[in-house]
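Engineer:
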Amino acid sequence: MKKLLVLFIFIVLYMQISARADILPNALNPIDAVALGMYQVPKHVVIYAKPDLKSDIVFEADWNFENFKSSKGSENTFFSVFVKEKELGFIEVIDFTDDWLKVLFDKDNKKTGWIKSEDIRFLTWRNFYNLYGRKYGLYTVGNIPDSIKELRTDADNNSKVLGKIVRPFKINLIKLKGNWALVRVFDVNDTIKIGYLRWRSDEGKIYFFPSIK
Numbered sequence: 007m008k009k010l011l012v013l014f015i016f017i018v019l020y021m022q023i024s025a026r027a028d029i030l031p032n033a034l035n036p037i038d039a040v041a042l043g044m045y046q047v048p049k050h051v052v053i054y055a056k057p058d059l060k061s062d063i064v065f066e067a068d069w070n071f072e073n074f075k076s077s078k079g080s081e082n083t084f085f086s087v088f089v090k091e092k093e094l095g096f097i098e099v100i101d102f103t104d105d106w107l108k109v110l111f112d113k114d115n116k117k118t119g120w121i122k123s124e125d126i127r128f129l130t131w132r133n134f135y136n137l138y139g140r141k142y143g144l145y146t147v148g149n150i151p152d153s154i155k156e157l158r159t160d161a162d163n164n165s166k167v168l169g170k171i172v173r174p175f176k177i178n179l180i181k182l183k184g185n186w187a188l189v190r191v192f193d194v195n196d197t198i199k200i201g202y203l204r205w206r207s208d209e210g211k212i213y214f215f216p217s218i219k
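Numbered by our numbering, the letters in the sequence shown go through residues 7 to 219 in order.
1. Can you give me the C-alpha to C-alpha distance between isoleucine 200 and glycine 210, rounded to a whole angstrom?
2. With distance defined between alpha-carbon atoms, name the residue in Glu93, Lys92, Glu91, Glu98 nearest to threonine 83.
3. List in chain order: all unbroken alpha helix (DSSP H) runs of 4+ residues lying wholly within the region 131-156.
4. Measuring CB atoms only, is the region 139-150 touching the region 168-183, in the sense that at least three cross pairs come out at less than 8 Å?
5. Leaving out five residues on either side along the sequence, give the residues of the same chain with a beta carbon under 6 Å from the beta carbon of isoleucine 150.
6. Output needed for glycine 184: all residues of its chain with C-beta closer than 8 Å, excluding positions within five of it in sequence on either side, in chain order.
7. Is isoleucine 126 helix, strand or coil when you go by DSSP?
8. Reducing DSSP to helix, strand and coil, say where tryptophan 205 ends up.
9. On the DSSP letters alone, give me the boundaries of the beta strand (DSSP E) that asparagine 163 sits inside.
10. Closest to glutamate 66 by C-alpha separation, out of Ala41, Gly139, Trp120, would be which residue?
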């Protein structure tokens with residue numbers, strides 16, 4: 007009876023998560039290892055060559071649910087994360103001052119520029135993951151090594167391995183600790199697993215990214 011109850015719970019969870027599949031980004035381009043966080047792009051964005059309003063404008067765009075109109079490029083090269091249905095777009099911040107953010111706005115050609123800072127739109131990785139990862143969970147980015155699927159007792163490669171993620175229904179973020187994340191995993195083998203996993207390598211490669219709604 008207990009096993010049937012557990013199986014029923016996981017079937018319900020699976021149906022709920024499948025129904026919310028649209029919360030995953032329409033596009034997730036590879037995140038640069040030097041990125042410090044994400045900038046939520048307003049519907050009208052202006053990027054300058056230098057952190058000065060009098061400097062040359064290197065990129066300007068207007069966008070909404072239907073269209074992306076820019077002086078150069080397209081949404082495919084501009085956004086690091088793009089959720090069209092939710093009208094949410096993010097680009098990477100690679101440096102910042104008190105008043106300005108240096109962003110990577112053309113991923114194909116590694117072009118950077120400066121945006122006048124709006125604190126509410128700039129999220130460090132910790133804030134970005136806490137905002138979206140803790141609310142909506144994490145998902146794996148591409149094919150990750152088996153060693154990255156291991157759950158450990160602490161945020162340390164030398165800590166004890168508690169188990170491994172097999173095919174998770176959902177990965178709930180509890181907290182970040184450096185390049186590690188304490189998570190609660192609802193897995194396909196009818197178990198709930200809790201432990202630390204690497205969300206990012208020491209070199210900055212991201213393995214687990216927040217779902218965004």
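Cβ coordinates follow ideal geometry from the N, Cα and C atoms, glycine included.
Structural biologist: Put simply:
1. The residue you call residue 200 lines up with position 194 of the sequence shown. The residue you call residue 210 lines up with position 204 of the sequence shown. One C-alpha to the other measures close to 24 Å.
2. Start at 1 with the first residue of the sequence shown, and residue 83 comes out as number 77. Checked all of Glu93, Lys92, Glu91, Glu98; the closest Cα to threonine 83 is Glu98.
3. Along the region 131-156, the alpha helix (DSSP H) occurs as fully enclosed runs of 4 or more residues at 131-134, listed in sequence order.
4. With a cut-off of 8 Å, the region 168-183 and the region 139-150 count as touching, because enough Cβ pairs lie within range.
5. Reading the sequence shown from its first residue, position 144 is the one you call residue 150. Within the same chain, isoleucine 150 has close Cβ partners Tyr213.
6. As a first step, residue 184 must be located in the sequence shown, where it is residue number 178. Excluding sequence neighbours, glycine 184 sits near Ala161.
7. Walking along the sequence shown from the start, residue 126 turns up at place 120. In the displayed model, isoleucine 126 falls within a helix according to three-state DSSP.
8. Position 199 of the sequence shown, counting from 1, holds the residue named residue 205. In the structure shown, tryptophan 205 adopts coil according to DSSP, grouped into three states.
9. Residue 163 sits at position 157 when you count from the first residue of the sequence shown. First-last for asparagine 163: undefined, no H or E at that position.
10. Position 60 of the sequence shown, counted from the first residue, corresponds to residue 66. Of Ala41, Gly139, Trp120, the residue nearest in Cα terms is Trp120.
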